[in-house]
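Chemist: The sequence shown begins at 90 in the numbering used here and counts up one residue at a time.
Below are the structure tokens for one structure; questions will follow.
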Amino acid sequence: MSTSQPSERTLLMGIDTGGTYTDAVVYDERHRRVVAKAKASTTHHDLHLGIRDAIAAALARAAVDPADIELVALSTTLATNALVEGKGRPVCAVIIGFDDDVVERGGLAEALAGDPAIFLRGGHDSHGSEIEPLDLDGLERRLGEMLADARLVDGVAVMSQFSVRNPAHELAAAEMIRDVTRLPVTCSHALSAQLNGPRRAVTAVLNARLVPIVAGLVATTQRTIADTGISAPLMVVRGDGSLVSAAFVRDRPIETILSGPAASLVGAAHLTGLADAIISDIGGTTTDVAVLRSGAPIVSPLGATVGGHQTMVAAVDMVTHGLGGDSEVRHDDRAMGASLLIGPRRVVPVGLLAVDEPELVHAALDRQLRSELVGDLDGVFLVADDRRSSADRLAPAERRILDAFDGRVGVATTVLDTLVSRRIAERLVQRGVLQYAAFTPSDANHVIGRQRTFDSAASTKAADLFARRRDRMGRPIAADGAALAALTIERLIRRSAEAALSVAFSRDGFADDAVRSQIVQRSLDRSLTTVQVDIAMASPLVGLGAAAASYYPAVAAMLRTDVVIPDDADVANAIGAVVGRVRIAHTCAITSPQPGQFVVHSGKPSSHVTLDEALAAARCQLEAAVHTDMVTAGASTHETSAEWTDVTVDVGGSPLFVEGTLVVTGSGRPELSR
90 MSTSQPSERT LLMGIDTGGT YTDAVVYDER HRRVVAKAKA STTHHDLHLG
140 IRDAIAAALA RAAVDPADIE LVALSTTLAT NALVEGKGRP VCAVIIGFDD
190 DVVERGGLAE ALAGDPAIFL RGGHDSHGSE IEPLDLDGLE RRLGEMLADA
240 RLVDGVAVMS QFSVRNPAHE LAAAEMIRDV TRLPVTCSHA LSAQLNGPRR
290 AVTAVLNARL VPIVAGLVAT TQRTIADTGI SAPLMVVRGD GSLVSAAFVR
340 DRPIETILSG PAASLVGAAH LTGLADAIIS DIGGTTTDVA VLRSGAPIVS
390 PLGATVGGHQ TMVAAVDMVT HGLGGDSEVR HDDRAMGASL LIGPRRVVPV
440 GLLAVDEPEL VHAALDRQLR SELVGDLDGV FLVADDRRSS ADRLAPAERR
490 ILDAFDGRVG VATTVLDTLV SRRIAERLVQ RGVLQYAAFT PSDANHVIGR
540 QRTFDSAAST KAADLFARRR DRMGRPIAAD GAALAALTIE RLIRRSAEAA
590 LSVAFSRDGF ADDAVRSQIV QRSLDRSLTT VQVDIAMASP LVGLGAAAAS
640 YYPAVAAMLR TDVVIPDDAD VANAIGAVVG RVRIAHTCAI TSPQPGQFVV
690 HSGKPSSHVT LDEALAAARC QLEAAVHTDM VTAGASTHET SAEWTDVTVD
740 VGGSPLFVEG TLVVTGSGRP ELSR
């Protein structure tokens, strides 16, 4: 129970659900300090367990009554990780008014990844006028065919030609889809006001994939905080670092991509007080690198790129790499000597698996170490946390993989005895039915004594097995597990340095691959002898994440810059979640199809005879929309601002208005429970 009167401090709780750990902090807003923090393993098969354990531990360490918590804010990397790892629920795309070849543009084919698409007649022109009536009969017929197909989908994405200028066809299609299928529907115009149709389509498809994942997380978090005795409102961090209510984010989960990294940036600025820095946040699954300018993260003007997908989601200008403490370590057996590859897939560290399954893991590792045969599956395990609920939706060949081992864990060398079984297992991993457990940088840290959280003996045995793997000349890649662990850490440090330097180069206008140039690589190697070229970062490097102290001093030394690892760097994202603000922006275009006509494209297009009249109407509509959304998002008290930009051309020495864009933004702190 709290020993202080509620009026003496304002207690908030920040939660970050990452790919490996779930963090929780109790934060005193009035005195700007962390009261207590805690970590728990993220339990992917049942997120409630990890969230519950982190919250309970933080509350116990803070010695506060759950009823004294006045706000809960959640950040998460689950959406980011799903896109980086190529996971997500199956969807159907309904494409209105586009040519069939639109699938080949803007990365839409990659986003669909073989999922079905329905092409319909319809769409509008750039001024919002209907080109062709929407083929609703064709849509109803195709939806019936889709429902009869054995390949079920979990959501539908709708995109229409120029829907940002007139959303009528997307709205009509969405209404029919909901009536016929009862599935969640994403409309592209609701996610972005930009014109690029193919990229809006990509954004809508990815959003539809993420709806069940993020909705499940939000519902689980709400249930968990209620069970704990917390009655405060739940906020969620969006990719630009702003906060919105749980209700607001359910239909737009795509906006939570880079939620965790955005929260960590806000937290880093809060913890360090730095105005300018390169921030690198290493988690279990990813490393996220971004630039802090004037005390705030830079927001990408083009939209976030995650997992190779270019979206139209406003998010921090950040580069996400599949590089983390729990990244799978692999070896390129075509290389001479040790050529280690790290990521992008996250696996369960062998040392962590051994904490829960010590007898099985050690028995398998010992047996493999005694064998003279060396295989690429030595030290690899299969983990099925939720096999019971998965079994009903598996094909017979897939069920046989699970049936090949009892309990939760299987030994890969035993279960995956054919190429076919390996391919099936890969498919089950992509669908989240299985996880691999294998050697990781976290295991390497345990081998060399930097970390003692897991079973170090199991990590050492896994490293010894990995060291026996052969290069293309048939020689072992390392003398022993300790040597292999040192090579792994060395490789992770080099990859981390290249990731940070690549972002720095990009911000200075160089090509993304500038870091791969020979002169930069030789400078990092310190192998130049006749000339002196020292590549260094001009800004300090801020290291975040639980493992930051293990890696980032060496990363900064390689980049010839200062390193800053703030107190509470391990929970910077949870801190950033609770110190953020609610921000909502609405945008509309005003076009002029002909002299004396100005069309406002906010919802149903409206026509006006003067630009001033059109601007006044647009501002009135946008301010009303922003107010409604700010209330829904959890900040009924807020301020608004407006920004107008226009495009004009010179005609005979006089400016001629072509079109313009009005943006109205609302901003405010979220409401507390008291």
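Glycine included, each C-beta is placed from N, C-alpha and C at the ideal position.
#1: Using DSSP with H/G/I as helix, E/B as strand and the rest coil, what is His-675?
#2: Measure the alpha-carbon distance for Leu-209 versus Glu-259 and round it to whole angstroms.
#3: If you pair each beta-carbon of the stretch 360 to 370 with each one of the stretch 626 to 633, do three or more pairs fall below 8 Å?
#4: Using three-state DSSP, classify Gly-665 as helix, strand or coil.
#5: Is the stretch 203 to 221 touching the stretch 169 to 186 in the sense that three or more CB pairs, one from each, lie closer than 8 Å?
#6: Just list the residues that DSSP pairs Phe-746 with in beta bridges.
#7: Give the range of the beta strand (DSSP E) segment to which Glu-159 is assigned.
#8: Based on the DSSP output, what are the partners of Tyr-110 in its beta bridges?
#9: Using a threshold of 7 Å, state whether the C-beta atoms of Ala-304 and Arg-339 are closer than that.
#10: Given this structure, state the Cα-to-Cα distance separating Ala-571 from Ile-158, to the nearest angstrom.
#11: Quick check on the burial criterion: 16 or more other C-beta atoms within 10 angstroms. Buried or exposed for Gly-108?
#12: Check whether the Cβ atoms of Ala-293 and Ala-246 lie closer than 7 Å to each other.
#13: Give a yes or no on whether the C-beta atoms belonging to His-675 and Val-753 are separated by under 7 Å.
#14: For Ile-387, report the span of its alpha helix (DSSP H) as first-last.
#15: Roughly how many whole angstroms lie between the Cα atoms of Arg-194 and Ala-206?
#16: For Glu-748 and Asp-701, what's the separation of their Cα atoms in angstroms?
#17: What are the boundary residues of the alpha helix (DSSP H) that includes Met-265?
#18: Count the other CB atoms, across all protein chains shown, that sit within 10 Å of the CB of Leu-745; report buried if there are 16 or more and exposed otherwise.
#19: On the premise that Thr-374 lies in contact with Asn-170, defined as a C-beta separation below 8 Å, what is that separation, rounded to the nearest angstrom?
#20: Just to confirm the assignment: which complete alpha helix (DSSP H) runs, minimum length 4, are found wholly within the stretch 200 to 248?
#21: Which of the three DSSP states, helix, strand or coil, is assigned to Pro-655?
#22: Would you kindly check if the distance between the Cβ of Gly-440 and the Cβ of Leu-532 is under 7 Å?
#23: Just tell me which of His-398, His-420, Gly-426 and Thr-699 has its CA closest to the CA of His-410.
#24: Run through the DSSP bridge pairs and tell me what Met-407 is partnered with.
#25: Under DSSP, the beta strand (DSSP E) around Gln-686 begins and ends at which residues?
#26: Counting only runs that start and end within the stretch 567 to 613, where is the beta strand (DSSP E) found for 3 or more residues in a row?
#27: Who does Asp-370 pair with in a DSSP beta bridge?
#28: Fully enclosed by the stretch 432 to 486, which beta strand (DSSP E) runs are 3 residues long or longer?
#29: For Val-604 and Ser-591, which I take to be in contact (beta-carbon distance under 8 Å), what is that distance rounded to the nearest angstrom?
#30: Whole angstroms are fine: how far does the CA of Lys-550 sit from the CA of Arg-459?
#31: Please state the DSSP three-state secondary structure of Met-90.
#32: What is the rounded straight-line gap between the Cα of Leu-462 and the Cα of Ile-431?
#33: Would you call the stretch 121 to 129 and the stretch 641 to 661 touching, i.e. three or more CB-CB distances under 8 Å?
#34: Can you tell which of Ser-428, Asp-316, Val-688 and Gly-286 has the C-alpha that lies nearest to the C-alpha of Ala-705?
#35: Below 8 Å on the Cβ atoms is my contact criterion, and I expect Thr-759 with Leu-160 to pass it. Report the Cβ-Cβ distance as a whole number of Å.
#36: With a 10 Å radius around its C-beta and 16 neighbouring C-beta atoms as the bar for buried, classify Cys-276 as buried or exposed.
Modeler: Reading it off the structure:
#1: As a position in the sequence shown, residue 675 is number 586, starting the count at 1. Strand at His-675.
#2: In the sequence shown, the residue the question calls residue 209 occupies position 120. In the sequence shown, the residue the question calls residue 259 occupies position 170. The straight-line gap from Cα to Cα measures roughly 11 Å.
#3: yes
#4: As a working note, residue 665 is residue 576 in the sequence shown. If DSSP states are grouped into helix, strand and coil, Gly-665 belongs with the helices.
#5: yes
#6: To locate residue 746, count along the sequence shown from 1; it is residue 657. BP columns for Phe-746 point to Thr-737.
#7: Your numbering for residue 159 matches position 70 in the sequence shown. First-last of the beta strand (DSSP E) with Glu-159: 158 to 165.
#8: Taking the first residue of the sequence shown as position 1, residue 110 is located at position 21. Beta-bridge pairing links Tyr-110 to Ser-130.
#9: Start at 1 with the first residue of the sequence shown, and residue 304 comes out as number 215. Start at 1 with the first residue of the sequence shown, and residue 339 comes out as number 250. Taking 7 Å as the Cβ cut-off, Ala-304 and Arg-339 qualify as a contacting pair.
#10: Walking along the sequence shown from the start, residue 571 turns up at place 482. Walking along the sequence shown from the start, residue 158 turns up at place 69. Approximately 46 Å, taken between the alpha carbons.
#11: What you label residue 108 is simply residue 19 of the sequence shown in a count that begins at 1. Label assigned to Gly-108: buried.
#12: Here residue 293 corresponds to residue number 204 of the sequence shown, with the count starting at 1. Here residue 246 corresponds to residue number 157 of the sequence shown, with the count starting at 1. In contact: Ala-293 and Ala-246 (Cβ atoms closer than 7 Å).
#13: Within the sequence shown, residue 675 is the residue found at index 586, counting from 1. Within the sequence shown, residue 753 is the residue found at index 664, counting from 1. Yes. Within cutoff.
#14: Translated into positions along the sequence shown, residue 387 becomes position 298. Taken as a continuous stretch (DSSP letters only), Ile-387 belongs to no alpha helix (DSSP H), as it is neither H nor E.
#15: Sequence index remark: in the sequence shown, residue 194 carries index 105 (1-based). Sequence index remark: in the sequence shown, residue 206 carries index 117 (1-based). Approximately 14 Å between the Cα atoms of the pair.
#16: Reading the sequence shown from its first residue, position 659 is the one you call residue 748. Reading the sequence shown from its first residue, position 612 is the one you call residue 701. One C-alpha to the other measures close to 13 Å.
#17: Position 176 of the sequence shown, counted from the start, is the residue given in the question as residue 265. Run containing Met-265: 257 to 270, per the alpha helix (DSSP H) assignment.
#18: For the purposes of this step, residue 745 is identified with residue 656 of the sequence shown, where counting begins at 1. With fewer than 16 other Cβ atoms within 10 Å, it is exposed.
#19: Taking the sequence shown and counting its residues from 1, the one referred to as residue 170 is at position 81. Taking the sequence shown and counting its residues from 1, the one referred to as residue 374 is at position 285. Confirmed, Cβ separation roughly 5 Å.
#20: 225 to 237
#21: For the purposes of this step, residue 655 is taken as residue 566 along the sequence shown, with counting starting at 1. Pro-655: coil per DSSP, three-state reduction.
#22: Here residue 532 is taken as the residue at index 443 of the sequence shown, counted from 1. Here residue 440 is taken as the residue at index 351 of the sequence shown, counted from 1. Here the sequence assigns Asp to residue 532, which means Leu is not the residue at that position. Taking 7 Å as the Cβ cut-off, Asp-532 and Gly-440 qualify as a contacting pair.
#23: Taking the sequence shown and counting its residues from 1, the one referred to as residue 410 is at position 321. His-410 has its Cα closest to that of His-398, out of His-398, His-420, Gly-426 and Thr-699.
#24: Position 318 of the sequence shown, counted from the start, is the residue given in the question as residue 407. DSSP, once it has assigned bridges, lists Ala-379 as partnering Met-407.
#25: For the purposes of this step, residue 686 is identified with residue 597 of the sequence shown, where counting begins at 1. Run containing Gln-686: 686 to 690, per the beta strand (DSSP E) assignment.
#26: none
#27: Walking along the sequence shown from the start, residue 370 turns up at place 281. Per DSSP, Asp-377 and Leu-633.
#28: 470 to 472
#29: Locating residue 604 in the sequence shown gives position 515, counting from the first residue. Locating residue 591 in the sequence shown gives position 502, counting from the first residue. Yes, Val-604 and Ser-591 are in contact; Cβ-Cβ is about 4 Å, under 8 Å.
#30: Numbered from its first residue, the sequence shown carries residue 459 at position 370. Numbered from its first residue, the sequence shown carries residue 550 at position 461. Approximately 11 Å, taken between the alpha carbons.
#31: As a first step, residue 90 must be located in the sequence shown, where it is residue number 1. Any answer about Met-90 is weak, because its pLDDT of 41 lies below 50 and its placement is not dependable; what the coordinates show is given next. Residue state, collapsed to three classes: coil.
#32: As a working note, residue 462 is residue 373 in the sequence shown. As a working note, residue 431 is residue 342 in the sequence shown. Taking the straight line from one Cα to the other gives about 24 Å.
#33: yes
#34: Along the sequence shown, one-based indexing puts residue 705 at 616. Comparing Cα positions, the closest option is Val-688.
#35: On the sequence shown, residue 759 is found 670 positions in, with the first residue counted as 1. On the sequence shown, residue 160 is found 71 positions in, with the first residue counted as 1. Residue identity differs from the one stated: residue 759 is Pro in this sequence, not Thr. Indeed, because the Cβ distance is near 6 Å, the residues count as touching under 8 Å.
#36: For the purposes of this step, residue 276 is taken as the residue at position 187 of the sequence shown. Buried: at least 16 other Cβ atoms inside 10 Å.
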